[in-house]
Amino acid sequence: MIRYYWNILRQVASISTSSMLAYRSNVLFFILFESFFLVANMGGIALGVNLAGGSLGGWSFNEVMFVASLFGVGHQIFTTLCISGLFHTGYFVWSGRMDYVLLKPLHPLIGIHAANELIISNIPNLIINIGIFLFYCQKIITDGAVFTFWNTLGLMLFFLAGLAVRYGLAILVVAPAFFAEKLAEGEDAYWSLQSLAKYPTGVFPRSMQWLFSFVLPIASIAAIPAEVFFGRQNIKDMTIHFVVAVVFAWATVKFYETGARHYQSVNTGA
Amino acid sequence: MTTDVRPKMAIIRHQTRRSTIMRASVVYFGQCLQAALMYRSSLAIFLAAEAFSYAGFIAFWYKAAQSNPAQHVYSPIGLVVYFVLVSFHHSIQHHAASRDLGSDIRMGKLSYSIIRPFPFLLQTGLRSVAFTFIYSMLLSPLLVGGFLLVPGIWESLSSGFTPDIYWQYPVAITIGLASGWLVRMLVGMLAFDMAQIWGPDTFFIALYYAGSGAMFPIDLLPVWALNIAKWTPMYYMVGFPVLTLMGRIPAATFGQEAIRGVVVTMLTFAGMYAMWRRGIKQFEAIGI
Numbered sequence: 039m040i041r042y043y044w045n046i047l048r049q050v051a052s053i054s055t056s057s058m059l060a061y062r063s064n065v066l067f068f069i070l071f072e073s074f075f076l077v078a079n080m081g082g083i084a085l086g087v088n089l090a091g092g093s094l095g096g097w098s099f100n101e102v103m104f105v106a107s108l109f110g111v112g113h114q115i116f117t118t119l120c121i122s123g124l125f126h127t128g129y130f131v132w133s134g135r136m137d138y139v140l141l142k143p144l145h146p147l148i149g150i151h152a153a154n155e156l157i158i159s160n161i162p163n164l165i166i167n168i169g170i171f172l173f174y175c176q177k178i179i180t181d182g183a184v185f186t187f188w189n190t191l192g193l194m195l196f197f198l199a200g201l202a203v204r205y206g207l208a209i210l211v212v213a214p215a216f217f218a219e220k221l222a223e224g225e226d227a228y229w230s231l232q233s234l235a236k237y238p239t240g241v242f243p244r245s246m247q248w249l250f251s252f253v254l255p256i257a258s259i260a261a262i263p264a265e266v267f268f269g270r271q272n273i274k275d276m277t278i279h280f281v282v283a284v285v286f287a288w289a290t291v292k293f294y295e296t297g298a299r300h301y302q303s304v305n306t307g308a
Numbered sequence: 308m309t310t311d312v313r314p315k316m317a318i319i320r321h322q323t324r325r326s327t328i329m330r331a332s333v334v335y336f337g338q339c340l341q342a343a344l345m346y347r348s349s350l351a352i353f354l355a356a357e358a359f360s361y362a363g364f365i366a367f368w369y370k371a372a373q374s375n376p377a378q379h380v381y382s383p384i385g386l387v388v389y390f391v392l393v394s395f396h397h398s399i400q401h402h403a404a405s406r407d408l409g410s411d412i413r414m415g416k417l418s419y420s421i422i423r424p425f426p427f428l429l430q431t432g433l434r435s436v437a438f439t440f441i442y443s444m445l446l447s448p449l450l451v452g453g454f455l456l457v458p459g460i461w462e463s464l465s466s467g468f469t470p471d472i473y474w475q476y477p478v479a480i481t482i483g484l485a486s487g488w489l490v491r492m493l494v495g496m497l498a499f500d501m502a503q504i505w506g507p508d509t510f511f512i513a514l515y516y517a518g519s520g521a522m523f524p525i526d527l528l529p530v531w532a533l534n535i536a537k538w539t540p541m542y543y544m545v546g547f548p549v550l551t552l553m554g555r556i557p558a559a560t561f562g563q564e565a566i567r568g569v570v571v572t573m574l575t576f577a578g579m580y581a582m583w584r585r586g587i588k589q590f591e592a593i594g595i
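If you read the protein sequences in the order shown, they are chains A and B.
Just so we're on the same page, our numbering is the position in the first sequence counted from 1, plus 38.
Just so we're on the same page, our numbering is the position in the second sequence counted from 1, plus 307.
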């Protein structure tokens, strides 16, 4: 079974590499796009923290930037591995191509990824973002933070939970394509929603903190992993956040499956 | 005896051309409205996500301004006003002129569009204009509702109004919309030379976010960075009209900025038109 999925992954990687070589300019434009987007994103946050006088909601400048850079790494991993498959869902449903995905002996989500590509041309951006993250790791170490085994493990575990939330968030905005006449804006909706995840939770009012922690757990993407790392979460809260993240991701997968069952080929109104 | 009918034919051609363009405008307007209303779920999801996103922006910047009472650059409520206005201006600049134009060129649609009786570029332009006006119509009630329902923001905005605002804002928004339409068309023109324009289009979006003021108050940038932004169309797409409406551009410098905006817009048009002239000579329909 593992060998079977490994072969699928190899095929997707092979197709993706061919695409990347065919569209070589994408590598250049991905780097340009992400570099300027990074400047806009992190520059905007830096301007805000400076306006606030160097710290915000109990977070120092470097801690805020640590959260933003952690967000950036997750963003690049998700972009490289997931966007092509997930964000083609709307088009596949609308055009009837979902027929071929559902005919394969795979879960519909694995099928849609197998029918699309990995964005290999984004790997340089992933490396750049990891570099920025390491830079702010160094900064917070200089400020007195210590990387112990347990807080690093916590950071990694909650970072993975954050990736699952990202994935769930994307499903949440693309899966309505199964029920709609045509859904073209799902991807834009995802980018808008996930952009909230780059801030520490403390910058939001209480009601939004609750909303982003327990209903639409965007805080789990970067802020909660950082809070776990800095020891600002007790065991009870950590457990609740972890459970909420996992349940959210699981529920969205179920939502996608429900949508796939609802799918009626080209008769969905296309 | 023969009569020279050429002058009369010229008048008929002129009238036909004018009525065709008028009809096309109405058709594009209708199509765009129909698409927006037909794909209601798409529009609703997009608007809901945008609303969440701006709520987050506003919370962050409000907290930032509130945390430091010593700063006198922006009041917390002033930042709320800024992002409420940005959300509207950003949304009406969200048209897909570059993607549509790139697709028309790349997929060969241009080949049968150019045989129609009015300029192809006008079709693309009209589609973008229609989008902007439809979205203005759909979003204006939300904007008005925001100003009526959120306490203090109308007072904050109107306190910056001067008598000059009534001509300055129309000038600023006209420059902003024109530069937005033209720069996206310029990006779309790259399809004459590239297998796909997805890359340049996303690069443009990144430049837009960095230089338009859609992600942060643009006048908080260091002076050198702001001066660079002012020589790009991005600044005029969102930042310039919003700052004008908020009265954050001094009357003494407004004229200078507006002239610079016109120059930038004209340069964008010249670049776009030059690429069009060059591209259309090389265009081989689906053979490219």
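We put the beta carbon where it would ideally sit given N, CA and C, even for glycine.
Does DSSP put residue i in a helix, a strand or coil?
i	result
A/Ser98	strand
A/Ser93	strand
A/Gly192	helix
A/Gly307	Note that A/Gly307 scores a pLDDT of 47, beneath 50, so its modelled location is shaky; the value from the coordinates is reported in the next line. Coil.
B/Glu564	helix
B/Phe454	helix
A/Gly269	coil
B/Pro548	helix
A/Ile157	coil
B/Lys537	coil
B/Ser382	coil
B/Tyr543	helix
A/Ile259	coil
A/Val211	helix
A/Asp226	helix
Verify the CB distance criterion: does residue i have a CB-CB separation below 9 Å to chain A?
i	result
B/Leu528	yes
B/Gln563	no
B/Val545	no
B/Phe468	no
B/Ala498	no
B/Met522	yes
B/Phe367	yes
B/Gly487	no
9 Å is my cut-off, CB to CB: does residue i come that close to chain B?
i	result
A/Met136	no
A/Glu295	no
A/Ala106	no
A/Gly95	yes
A/Gly123	no
A/Gly206	no
A/Val241	yes
A/Ile262	no
A/Leu119	no
A/Phe99	no
A/Tyr174	no
A/Glu265	no
A/Glu72	yes
List, in chain order, every chain B residue whose beta-carbon is nearer than 9 Å to that of residue i.
i	result
A/Met80	Going along chain B, no residue has its Cβ under 9 Å from A/Met80, so there is no contact; the nearest lies around 10 Å.
A/Ala257	Result: empty, since nearest Cβ-Cβ is about 11 Å, beyond 9 Å.
A/Ala90	Lys370, Ala371, Ala372, Gln373, Ser374, Asn375, Gln378
Our contact map puts residue i next to residue j with C-beta atoms below 8 Å; I'd like the distance itself, whole angstroms only.
i	j	result
A/Asn189	A/Val111	Their Cβ separation, rounded to whole angstroms, is 17 Å, which puts A/Asn189 and A/Val111 out of contact at 8 Å.
B/Ile384	B/Ile460	6 Å
A/Phe252	A/Val285	The pair is not a contact, with the Cβ atoms about 10 Å apart (cut-off 8 Å).
A/Glu101	A/Phe268	7 Å
A/Ala227	A/Phe293	Contact flag wrong, Cβ pair sits at about 15 Å.
A/Lys142	A/Gly149	5 Å
B/Ala366	A/Met246	6 Å
Chain A partners of residue i, CB-CB under 7 Å?
i	result
B/Met444	By Cβ distance, chain A contributes nothing, its closest Cβ being about 18 Å from B/Met444, past 7 Å.
B/Ser360	Ser230, Leu231, Ser233, Leu234
B/Pro507	Phe67
Along the chain, where does the alpha helix (DSSP H) that runs through residue i open and close?
i	result
A/Lys177	161-180
B/Asn375	First-last for B/Asn375: undefined, no H or E at that position.
A/Ile278	273-300
B/Tyr516	505-518
B/Thr481	472-496
B/Gly409	404-413
B/Ser465	460-466
A/Tyr138	136-141
For a contact meaning CB atoms closer than 7 Å, what does residue i contact in chain B?
i	result
A/Met103	The contacting residues do not exist; A/Met103 stays about 14 Å from chain B at best.
A/Val77	Ala517
Starting from residue i, find everything on chain B with Cβ-Cβ shorter than 8 Å and list it in chain order.
i	result
A/Phe130	Those within 8 Å of A/Phe130 in chain B number zero; the least Cβ separation is about 16 Å.
A/Val87	Ala371
A/Phe286	The contacting residues do not exist; A/Phe286 stays about 15 Å from chain B at best.
Confirm the yes/no value for this check: CB of residue i, any heavy atom of the ligand ZN, distance under 8 Å.
i	result
A/Val65	Here there are no bound small molecules, and the ligand ZN is not part of this structure.
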